[in-house]
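Protein chains: 4
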Amino acid sequence: MSLPQPLRGVITAMITPLTRKGTLDGRGLERLVEHLISAGVHGLFILGTTGEGPALPRSLQSDVIKATCQQVGGRVPVIVGVTETVLEEAVELTAKAKELGAQAAVTSAPYYYPASQAELLTYLEELAAAAPLPVFLYNAPSNTHHRFDPATVRSAARFPNIVGLKDSGCDMIYFHCVRESLRDRPDFTLLVGPEELMAEAVLLGGHGGMCAGSNIWPRLYVDLYNAAAACDLDAVRRLQSTVMRLSTTVYRVDARESSLLRGMKCAVAELGICDDGMMPPFEPFDDAERARIREYLGELGWIHTP
Amino acid sequence: MSLPQPLRGVITAMITPLTRKGTLDGRGLERLVEHLISAGVHGLFILGTTGEGPALPRSLQSDVIKATCQQVGGRVPVIVGVTETVLEEAVELTAKAKELGAQAAVTSAPYYYPASQAELLTYLEELAAAAPLPVFLYNAPSNTHHRFDPATVRSAARFPNIVGLKDSGCDMIYFHCVRESLRDRPDFTLLVGPEELMAEAVLLGGHGGMCAGSNIWPRLYVDLYNAAAACDLDAVRRLQSTVMRLSTTVYRVDARESSLLRGMKCAVAELGICDDGMMPPFEPFDDAERARIREYLGELGWIHTP
Amino acid sequence: MSLPQPLRGVITAMITPLTRKGTLDGRGLERLVEHLISAGVHGLFILGTTGEGPALPRSLQSDVIKATCQQVGGRVPVIVGVTETVLEEAVELTAKAKELGAQAAVTSAPYYYPASQAELLTYLEELAAAAPLPVFLYNAPSNTHHRFDPATVRSAARFPNIVGLKDSGCDMIYFHCVRESLRDRPDFTLLVGPEELMAEAVLLGGHGGMCAGSNIWPRLYVDLYNAAAACDLDAVRRLQSTVMRLSTTVYRVDARESSLLRGMKCAVAELGICDDGMMPPFEPFDDAERARIREYLGELGWIHTP
Amino acid sequence: MSLPQPLRGVITAMITPLTRKGTLDGRGLERLVEHLISAGVHGLFILGTTGEGPALPRSLQSDVIKATCQQVGGRVPVIVGVTETVLEEAVELTAKAKELGAQAAVTSAPYYYPASQAELLTYLEELAAAAPLPVFLYNAPSNTHHRFDPATVRSAARFPNIVGLKDSGCDMIYFHCVRESLRDRPDFTLLVGPEELMAEAVLLGGHGGMCAGSNIWPRLYVDLYNAAAACDLDAVRRLQSTVMRLSTTVYRVDARESSLLRGMKCAVAELGICDDGMMPPFEPFDDAERARIREYLGELGWIHTP
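Chains as they are written, first to last, in our numbering: chain P, 4 to 309; chain C, 4 to 309; chain B, 4 to 309; chain R, 4 to 309.
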């Protein structure tokens, strides 16, 4: 399995199936991988923000990488989130990912200390030199509180094994700036994070999305990607409408920021795929919240409700 | 001249031509209006953020409305920015705009005090009841520091003379949320502010943009709108690339936030259309900065440089 | 009445007594002025954030200045808030304030457009040259979204009629920076806005506070100022404790940011001093909220509750 | 060595002496500990924000704890910063700290995911139940992007081994709110982080500060604490003036946020105490910057400059 450059399509930002005791739900993970690949997703991104990577103990991180790579068996690329605050440990996790069979890493810069663009770039240079896998930059300011400026992305794109950007910044002007500044690099992958923005990113020239919602209903996002890539605007608008319905219901059961992640794991559990345990500081939905998720899924026609 | 509902196309967020003494450049304003209408823009939005509305003394605001409406002569709708902190004075300016021949107003809520969504909605209800013109909501959080939540927009859309939204929030997820929540209101106009986002807004179902860059080169934005409306993606991508080049050069001569507005006024002046005086606290570019603007315009092929 | 330099003590950031119809409660204003002066406050600051200055129509602003100056009759300085977005109108309001008998103005820079420190300083220079009254700088970032950096304050302090700073930024490190940078200017007045910070500001060398809570119970803040000025730490701690109790109850009846102002006006009304009408977008408390305010005032021993 | 409750005085937020190769400067650490204890500081806080805790590999963290506890030999309490994003690993580091001889931990909540107050409190409850050392809460919003609300602190203070708060939020209104809400808990330690705020915190009833500047000149902060505790305002103001001079010079050599930490390590190195190596993404000052630090230290009279 080699990594296409650029990588196109829908890469699922995969949740980590966990039991209520905080251990890996191994059977659930197998079912989830099949659920995704059978629907045609073009890759899996594990241990990212959606995958609770930064909240998982080291050994559990290894278990997830290993189990996923084994189940995938080279059918699509497996990309591992590396969101460490210590350079040495970021390199170690990347090496572990390679050893266990992954094709690439997605990495943020350290996110405890505010850092300047020059400092971020130095960090990326050191990481790129030491990491044994191709690396995507992870622009995720609402989690890391730093942003890779377009000029920083452009500079980092010159380091040999930095191969793309996952932009979760929700700022399409930024995305277009980066895209324009890298017009001479058709091999450099540009993916957006939020699924609500994948269609326009692809219509304007981006390569795809790392969609979290595709955990629940992968076919929707694959169809949307295909419609955008084929410039079928009627289909794009119809599918985007469903994307927005999911986003404004399942992800907004309460006002907490964790509502998105808790809603998503609950929905996947309600579809019978895996358990919805979560790592601290988060907890799965209670019965009343689960009932609302069932209702929303019923309205979308994704489960049968009496 | 009646106001189309919805209003579609490129509505120029017009700069206010000012002399270096801070008085209206009347001849410049006439030339600017002709520059825009002859290129096919679908409306003019005056006294907005780009028009320095909130920095203009009252009497000058009236002069701008009067001179613009007179020069336009009903060829396209004239829409007036109303960004007051006092309800009574917002109503007065709207009445003055109607009296002088404008077709609509674009209004923010008061922006000195942080306010809740319920308080914003009450304000909009009182304004809608008292304003004698159709009103667009002005979502401009980087200037007003409040945002009209999608639910607030939906509620306000029920007030009789609230006819649309100008969204300058740079957040396409927000725009899509609003759009989906108003699917049953095809008459309610949805325009984006930032010109860099007009193409995708239109591709996904929005009605157009209030583009500031169209002061400089209106044909570019009219062509882009038409390409998006016709779903000609090749043209969209080609034109969007020029939009981004302008945005990352002319608007970024220095690091100040005023660089956008100062660069735009300087560029229009360099095209020989009008003076580039500015209201406090801003000042026109100096000679070195003007030279860079000329250089950028030359690279875009919009002026002849030796 | 001349303005002491520096101005020391408790300057009440006075609420504007309004009827439920939005007109001036003239008798209430007279009672409020007497309530404050008889308790020993050292000045009145009208039309500030607490005074709803930015939400009052021009004519009502004049009425408030006139009625206050008349009632005060030169017993303490009257200082007028000038928070305009147009330079020319800021100068006009300052001239009007002088004409009606006020001793000074407190002025922010325009707050619609984000501006650089250099732009802010140019604005202050032009304002200082044109304003016919001594001017305090108003550092109020949560309302104006700009901050006067310590170096900007130091530069502005050299303009002839800029006489002091009201710092409402809630950042004591900033206050100490400014204070240190102006050690050679013992005449330059340094006041803090938030009443919760007056004690420490005075203990460390500041001149006093523009306390909003002194509308309700002026003696508390006068006593606290005197205790801090006399370095009576036991009294400071005891009085500060009451200040914090007021702040965490009367100002926090609901989660809206307007809760502070609505709670304060309600409390003054419950003490029988004046009406609690408010300008849009805010509304007075309802009966349930008023009952909570009565309860809090009863617990503080400021009203008799059965 | 048992932990006083409350813990009073100056606790140095100790830098981690590192060589330019990123290894522990063991001899430097010994000198630094003696430099601090001989000046009378009341405790050491290691592996915090100042100590680059979140940027140090696990094994280096252990080395620092071990070497510090050994050198201190029970003369003052040693408190260890625990800023992990994984609950299990936070508990492990606390256990390691106890094993190596530390007296307490200072812990943030996980800082990758935005979390609600209820989620933060649940996390603190689980941590408190599992951690084998007394725990101080670490309120550090500019690094962790969450804040422990006063009500959350009050609730957490009921968990058996939560013994105090280090508040680095730079918001004295918050500090006073917390202090008032815990008036019935004289054993609960309240320390401020920023050294510029220690004096007023102590004057108003707080217990002391975790001062980073005391790495450089510990006597200054010990004297300031003593002056505040003794209510000697003349001395407080004189010493505070020096604190502000350091803060506005040594910590502000460039505009990067890392300037504070780099300046501090450089200053300690210039005093001949230890090396100034730093962990990625930060780098030590270059020669020109070092020269400015020398100049500042000379002006403060702390080194002899020709």
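Glycine is no exception: its CB is placed at the ideal position from the N, C-alpha and C atoms.
In this text, all values refer to a predicted model and were calculated from it rather than measured experimentally.
If we define contact as Cβ-Cβ less than 7 Å, is residue i a contact residue for chain P?
i: arginine 240 of chain C; result: yes
i: leucine 303 of chain C; result: no
i: proline 57 of chain R; result: yes
Give a yes or no on whether the minimum CB-CB distance between residue i and chain C is below 7 Å.
i: glutamate 298 of chain P; result: no
i: cysteine 214 of chain P; result: no
i: histidine 203 of chain P; result: With the sequence shown as reference, residue 203 of chain P is identified as glutamate, and histidine is not the correct amino acid for it. True, the Cβ-Cβ gap to chain C drops below 7 Å.
Starting from the beta carbon of residue i, find every residue of chain C whose beta carbon is closer than 8 Å, and list them in chain order.
i: leucine 249 of chain P; result: Simply none; closest approach about 11 Å.
i: threonine 19 of chain B; result: Here the premise fails: no neighbours, minimum Cβ distance about 13 Å.
i: glutamate 183 of chain P; result: Ser244, Met247, Arg248, Thr251
I want to see whether chain B comes within less than 7 Å of residue i, judged by CB atoms only; does it?
i: proline 60 of chain C; result: yes
i: cysteine 234 of chain R; result: yes
i: serine 137 of chain C; result: Checking the displayed sequence, the identity of residue 137 of chain C turns out to be proline instead of serine. So no, proline 137 of chain C is outside the interface.
i: alanine 230 of chain C; result: no
Using a cut-off of 8 Å between C-beta atoms, extract the partners of residue i located in chain B.
i: histidine 179 of chain R; result: Glu199, Gln243, Met247
Please tell me whether, using a cut-off of 6 Å, the distance from the CB of residue i to the nearest non-hydrogen atom of the ligand ZN is below it.
i: threonine 71 of chain C; result: The ligand content of the structure shown is nil, which means the ligand ZN is not present either.
Can you name the residues of chain R whose CB is closer than 8 Å to the CB of residue i?
i: threonine 125 of chain P; result: Pro283, Pro284, Glu286
Please list, in chain order, the chain R residues whose beta carbon lies closer than 7 Å to that of residue i.
i: leucine 206 of chain B; result: Glu203, Leu206, Leu236
Chain R partners of residue i, CB-CB under 9 Å?
i: glutamate 128 of chain B; result: Those do not exist, as glutamate 128 of chain B stays about 24 Å from chain R at its closest Cβ, beyond 9 Å.
Taking residue i as the reference, give the member of the options with the closest Cα.
i: arginine 240 of chain B; options: R:Met247, R:Gly208, R:Gly212; result: R:Gly208
i: glutamate 302 of chain R; options: R:Thr252, R:Glu286, R:Ala112; result: R:Thr252
i: alanine 100 of chain B; options: B:Val89, B:Ser62, B:Ile40; result: B:Ser62
i: glycine 196 of chain P; options: P:Thr88, P:Arg34, P:Val109; result: P:Val109
i: isoleucine 165 of chain B; options: B:Arg157, B:Ser171, B:Gly172; result: B:Arg157
i: glycine 304 of chain C; options: C:Leu39, C:Gln64, C:Ala270, C:Glu198; result: C:Ala270
i: histidine 149 of chain P; options: R:Gln243, R:Phe162, R:Arg182, R:Tyr115; result: R:Tyr115
i: cysteine 234 of chain C; options: C:Asn218, C:Ser217, C:Ala202; result: C:Ala202
i: threonine 125 of chain B; options: B:Gly172, B:Leu185, B:Phe162; result: B:Phe162
i: leucine 96 of chain P; options: P:Tyr177, P:Ala121, P:Phe288, P:Val67; result: P:Val67
i: methionine 247 of chain R; options: B:Ser65, B:Tyr177, B:Ala291; result: B:Tyr177
i: glutamate 91 of chain P; options: P:Trp220, P:Thr192, P:Ala132; result: P:Ala132
i: leucine 130 of chain P; options: P:Ser119, P:Val85, P:Glu102; result: P:Val85
i: alanine 159 of chain B; options: B:His179, B:Gly51, B:Leu185; result: B:Leu185
i: lysine 24 of chain P; options: P:Gln106, P:Lys69, P:Phe191, P:Asp278; result: P:Asp278
So residue i contacts chain P; which residues on that side make the cut at Cβ distance below 9 Å?
i: glutamate 122 of chain R; result: Arg259, Ser261, Pro283, Pro284, Phe285, Glu286
I'd like to know if residue i contacts chain R, where contact means its C-beta is closer than 7 Å to some C-beta of that chain.
i: tyrosine 224 of chain P; result: no
Given that residue i touches chain C, what residues does it touch there, using C-beta distances under 9 Å?
i: alanine 118 of chain B; result: Arg259, Glu260, Ser261, Pro284, Phe285
Any beta-carbon of chain D closer than 7 Å to the one on residue i?
i: glycine 196 of chain P; result: The structure shown contains no chain D; the protein chains it does contain are P, C, B and R.
Margin query: Please list, in chain order, the residues of the stretch 259-273 of chain P that have any C-beta partner in chain C closer than 9 Å.
Written below: Under the 9 Å Cβ criterion, the stretch 259-273 of chain P contributes no residue.
Note to self: Under 7 Å, CB to CB, which of the residues in the stretch 164-178 of chain P have a partner in chain C?
What the structure shows: So the list reads Cys173, Asp174, Met175, Ile176, given in the order they occur along the chain.
Notebook entry, point to check: Which of the residues in the stretch 77-96 of chain P, read from start to end, lie with their CB under 8 Å from any CB of chain R?
Noted result: Listed by position along the chain: Thr86, Thr88, Val89, Leu90, Glu91, Glu92.
Checklist line | Residues within the stretch 136-159 of chain R neighbouring chain P, beta-carbon criterion of under 9 Å | finding: So the list reads Ser145, Asn146, Thr147, His148, given in the order they occur along the chain.
Check: Which residues, in order along the stretch 104-115 of chain B, keep a beta-carbon less than 8 Å from a beta-carbon of chain C?
Finding: Ala112, Pro113, Tyr114, Tyr115: these are the residues of the stretch 104-115 of chain B whose beta carbon lies less than 8 Å from some beta carbon of chain C, given in chain order.
Next item on the list: Check whether the stretch 279-291 of chain P touches the stretch 8-25 of chain P, counting contact only when three or more Cβ pairs, one atom from each stretch, lie closer than 8 Å.
Entry: As far as the Cβ criterion goes, the stretch 279-291 of chain P touches the stretch 8-25 of chain P, which means the pair count is three or higher.
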